[in-house]
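**Q**
There are 2 protein chains.
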Amino acid sequence: MIQVDDALSIIAENSAKMPVKKIKVGKSLGFVLAEAIYSPIDMPPFRQSAMDGYAFVHSELSRFSVISSSQAGDYSNLKLEKNEAIRIFTGAYVPDDADTVVMQEHTTVTGDKVQIDILPDSFANVRNKGEQIEKGQLVLEKNTIITPAAIGFFACLGITQIKVYSKPKVAILVTGNELVRAGKKLPQGKIYESNSVMLEAALKEIGIKKTIVFRVKDSLKATTKMIESCLDQFDVVLISGGISVGDYDFVKEALLQNGVEELFYKINQKPGKPLFFGKKEKKLVFALPGNPASSLTCFYVYGLPALKKRLGFTDIHLPKMNRKITTAFQNKTGKTLFLKGFYDDDCVTVLESQSSAMLNTFAVANCFVYVPYTIVNVQEKQEIKIIPFN
Amino acid sequence: MIQVDDALSIIAENSAKMPVKKIKVGKSLGFVLAEAIYSPIDMPPFRQSAMDGYAFVHSELSRFSVISSSQAGDYSNLKLEKNEAIRIFTGAYVPDDADTVVMQEHTTVTGDKVQIDILPDSFANVRNKGEQIEKGQLVLEKNTIITPAAIGFFACLGITQIKVYSKPKVAILVTGNELVRAGKKLPQGKIYESNSVMLEAALKEIGIKKTIVFRVKDSLKATTKMIESCLDQFDVVLISGGISVGDYDFVKEALLQNGVEELFYKINQKPGKPLFFGKKEKKLVFALPGNPASSLTCFYVYGLPALKKRLGFTDIHLPKMNRKITTAFQNKTGKTLFLKGFYDDDCVTVLESQSSAMLNTFAVANCFVYVPYTIVNVQEKQEIKIIPFN
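Residue numbers (our numbering), protein chains in the order written: chain B, 84 to 473; chain E, 84 to 473.
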């Protein structure tokens, strides 16, 4: 049995980044960039007016003939005499001859003549070519998480494809003779299976959408065969149940028979003690406890960081924050606790009913209250670490 | 021109919840529950062993004949004599005759006899029927956001369908003759269009996936027609560009011609001043500034809350937090600023280059630094509000 921090280190060390692939920018939300990107163009790609107004050659003159008009998207590069100006709009091409734009609010127009009432400085209101980014300049560094802003940034530079770390294919393998799928009649002695749909949803939250669920009866032979097939086709295998020490818990034996290396088994924590983590080459296996709340706790605390590492993320662990606890609390278990809590701007309350078999508290909680095994007494109003998850 | 807080109030008041629809629990992540849900079953549905051990009738006896075995999923309801016990595993049906389970670690087994070494209390290690939730009891309240835990909770009670607020259909309408789609050659005077793909990604982040993008040239007739068609088919219309006061900005006029009620136009802020918000019946229209960074700022600050309200969320605005600012700062604009910043546990730094035309800073920022128009001087290390967005 190991401590929580050791388990987290082992996960970080043993989770490898996925292979790199090229994808369309429009499909890249939430991926991590696997290459540095450099700009293929100058931006702006030409000298651009920053105002609606008049483009002219800066001099002592203040009265001009308006010889043409240029709106955004036009390319009109007329030769301008010293006493000529063109009507211009924000974003439009500034003729090569012109060096300055005066905003329309600072002019008086009579017929085809424009009088400049307040003369701007030379070069005013003109965005230079490449002023914002030059061709060949760094756009975004390798390992940047791709956000809507990053996608917009790529698109405005004409970049359509980028290299990212691909998403791991994840299998969920559900064990347990007692389980019946929701929607069917519940025979005596059975319960509804909920971990598969719950874990699928938790995977969707980090953008892993095409999870496949397998189900196997409690037999060593069937479990071994199913694990072999999952290891063959998937990058990460999440197994639910069958990992305790009961006579019908075959998962660990089946994993070892498949050549999965045990990296840890059992963590000094509550809930979620009987967690198994192993790997075979780069493929990762989590055998999660069957109790729904334990299973989801282990997924958030351990499964998620492993998946984020595989996806190429640098910060992989759920971030912790400090909050004052609303009521005093004792931890006599000698274990690290992940309690379901509800926090606001100031405080956190440990919710009643922390059963690992049920999700009622989990469904209304918004954080774990994290109580390390070394802490026995927590006073009311004492600051304590929380781990937000919703 | 109105202030930021007034604009936010107007958005909250005018955004109506979407119609209710029934969906599968497995597809409900991120939706908001539009009904209270009550449990269709007792959970556990039968008296369940909480341990691997032996089920027996509690008495002064400590030695029993083991007459049968019951694993999770079995239904074995044998009649037990006072001196009989059955081997039982965690989650298994406890025979109606038995009242107590002793954990296997507290027994000694010889052949088909079991000796109880440490006698547990009566009723120990038996989870009662309906102990965690009873048939008819509240599962989750109306307006609960559906998380992975909520999905698991529904599934373990056999609930397969729930009523939620449906997702709004969103159209993105891009205006601007200067715009060329990424992947094509860039003619002189043109720039790449990036707002559509950026807004699509920002919509995906709140689970709105099937956005349709339309493009229209800068003409009043074409814009009016396109807006009519969008209002016809979509719940929310996001328009990019054409909302300033230039000679080629037709969006506002086209909206009014379509009977869209103006709820506000122009906010005392930077960037994103020329934002238009209107509605026609329950349909909402945002005309966002064309500059990419202004457009995304307005989407996060105003579009997102409107969409969250429509989706049924109660807390719709981006939450604010306090951070110490790393360098002193002056706001001489008289406007509320939404500056791109980067925060950590303690501090926030206002990033260089706050251009509203470019996304380079936005793509590496993780928050807005929120400076109300009433604040002129911000001292180094002073606490200031930030609005995290990544």
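The C-beta atom is built at its ideal place from N, Cα and C for all residues, glycine as well.
Note that the structure is predicted; figures quoted are calculated from it, not measured.
1) Following the continuous beta strand (DSSP E) through phenylalanine 472 of chain E, name the residue where it begins and the one where it ends.
2) How far does the alpha helix (DSSP H) with serine 312 of chain B in it extend, from its first residue to its last?
3) Does the Cβ-Cβ distance between valine 87 of chain B and isoleucine 408 of chain B come in under 8 Å?
4) Against chain B, does asparagine 208 of chain E count as a neighbour if the rule is that its beta carbon must be under 8 Å from one of theirs?
5) Could you give the first and the last residue of the continuous alpha helix (DSSP H) run that contains methionine 281 of chain E?
6) Tell whether a beta-carbon distance below 8 Å holds between isoleucine 169 of chain E and isoleucine 150 of chain E.
7) At which residues does the beta strand (DSSP E) containing asparagine 405 of chain B begin and terminate?
8) When the Cα atoms are used, what is the spatial distance from alanine 175 of chain E to threonine 258 of chain B?
9) Below 7 Å CB to CB, which residues in the same chain sit around lysine 218 of chain E once its five sequence neighbours on both sides are set aside?
10) Taking the alpha carbon of phenylalanine 114 of chain B as the reference point, which residue from B:Glu345, B:Glu288, B:Ile201 has its own alpha carbon closest?
11) In whole angstroms, what is the alpha-carbon distance linking serine 111 of chain E and valine 140 of chain E?
12) How far does the alpha helix (DSSP H) with valine 334 of chain E in it extend, from its first residue to its last?
13) Tell me which residue opens and which closes the alpha helix (DSSP H) that leucine 379 of chain E is part of.
14) What are the residues of the region 114 to 145 of chain B that lie near chain E, defined by any Cβ-Cβ distance shorter than 9 Å?
15) Do glycine 213 of chain B and leucine 442 of chain E come within 8 Å of each other at the CB atom, strictly closer than that value?
16) Could you check what DSSP says for glycine 156 of chain E in three-state terms: helix, strand or coil?
17) Inspect the CB distances between the region 97 to 105 of chain E and the region 389 to 396 of chain E and report whether three or more fall short of 8 Å.
18) So with Cβ pairs under 8 Å, would you call lysine 414 of chain B a contact of chain E?
19) Kindly identify the DSSP beta-bridge partner or partners of glutamine 244 of chain B.
20) Using the Cα positions of alanine 370 of chain B and leucine 321 of chain B, report the straight-line distance between them to the nearest angstrom.
21) Can you check which of these residues, B:Val334, B:Val328, B:Tyr137, is closest to leucine 202 of chain B by C-alpha distance?
22) Would you say lysine 287 of chain E lies against chain B (beta-carbon separation less than 8 Å)?
23) Less than 8 Å separating the beta-carbons of lysine 464 of chain B and tyrosine 453 of chain B?
24) Name the residue from E:Thr380, E:Gln413, E:Leu401, E:Ala119 whose alpha carbon lies nearest to the alpha carbon of glutamine 220 of chain E.
25) Among residues of its own chain, excluding the 5 on either side of glutamine 352 of chain E, which ones have a beta-carbon nearer than 6 Å to its beta-carbon?
26) Along chain E, which residues have their Cβ under 8 Å away from the Cβ of threonine 243 of chain B?
27) Can you tell me whether phenylalanine 147 of chain E is helix, strand or coil according to DSSP?
28) Use the C-beta contact count for alanine 411 of chain B: other C-beta atoms within 10 angstroms, 16 or more gives buried, fewer gives exposed.
29) Between E:Gln271, E:Val247, E:Glu364, E:Val209, which lies nearest to lysine 104 of chain E when the distance is taken from Cα to Cα?
30) Please check the pair isoleucine 229 of chain E and phenylalanine 396 of chain E, which I expect to be a contact at CB under 8 Å, by giving their CB distance rounded to whole angstroms.
31) Rounded to the nearest angstrom, what separates phenylalanine 129 of chain B and glutamine 154 of chain B at their Cα positions?
32) Can you give me the Cβ contacts of lysine 356 of chain B inside the same chain, cut-off strictly under 7 Å, excluding the 5 residues immediately before and after it?
33) If you draw a straight line from the C-alpha of lysine 273 of chain E to the C-alpha of glutamine 131 of chain B, how long is it?
34) Among residues of its own chain, excluding the 5 on either side of lysine 403 of chain E, which ones have a beta-carbon nearer than 6 Å to its beta-carbon?
35) Under 8 Å between C-beta atoms, does methionine 101 of chain E make it to chain B?
36) Hey, how far is the Cα of glutamate 143 of chain E from the Cα of glutamine 462 of chain B?
**A** Concretely, from the data shown:
1) Per DSSP, phenylalanine 472 of chain E belongs to no beta strand (DSSP E) and is neither H nor E.
2) Note, serine 312 of chain B: alpha helix (DSSP H), 303 to 316.
3) Not a contact, by the Cβ cut-off of 8 Å.
4) no
5) 278 to 287
6) yes
7) From DSSP, the beta strand (DSSP E) with asparagine 405 of chain B extends over 404 to 408.
8) 15 Å
9) Ser122, Pro123, Ile124, Asp125
10) B:Glu288
11) 45 Å
12) DSSP places valine 334 of chain E inside the alpha helix (DSSP H), whose first and last residues are 334 to 340.
13) 375 to 381
14) Ile124, Met126, Pro127, Pro128, Phe129, Gln131, Ala133, Asp135
15) No, they are not a contact pair.
16) Note: glycine 156 of chain E maps to coil in three-state DSSP.
17) Touching, per the Cβ criterion.
18) According to the sequence shown, residue 414 of chain B is asparagine rather than lysine. So no, asparagine 414 of chain B is outside the interface.
19) B:Lys107
20) 6 Å
21) B:Tyr137
22) Answer yes: the Cβ-Cβ gap between lysine 287 of chain E and chain B drops below 8 Å somewhere.
23) no
24) E:Ala119
25) Val87, Lys418, Thr419
26) Close to threonine 243 of chain B, with beta-carbon spacing below 8 Å, are these residues of chain E in chain order: Ala265, Gly266.
27) In this structure, phenylalanine 147 of chain E counts as strand in the three-state DSSP scheme.
28) Counting Cβ neighbours within 10 Å, alanine 411 of chain B comes out exposed, since fewer than 16 surround it.
29) Of the candidates E:Gln271, E:Val247, E:Glu364, E:Val209, the one whose C-alpha sits nearest the C-alpha of lysine 104 of chain E is E:Val247.
30) The beta-carbon distance between isoleucine 229 of chain E and phenylalanine 396 of chain E, rounded to whole angstroms, is 11 Å. This is too long to meet the 8 Å contact definition.
31) 14 Å
32) Lys349, Ile350
33) 10 Å
34) Lys468, Ile470
35) no
36) 43 Å
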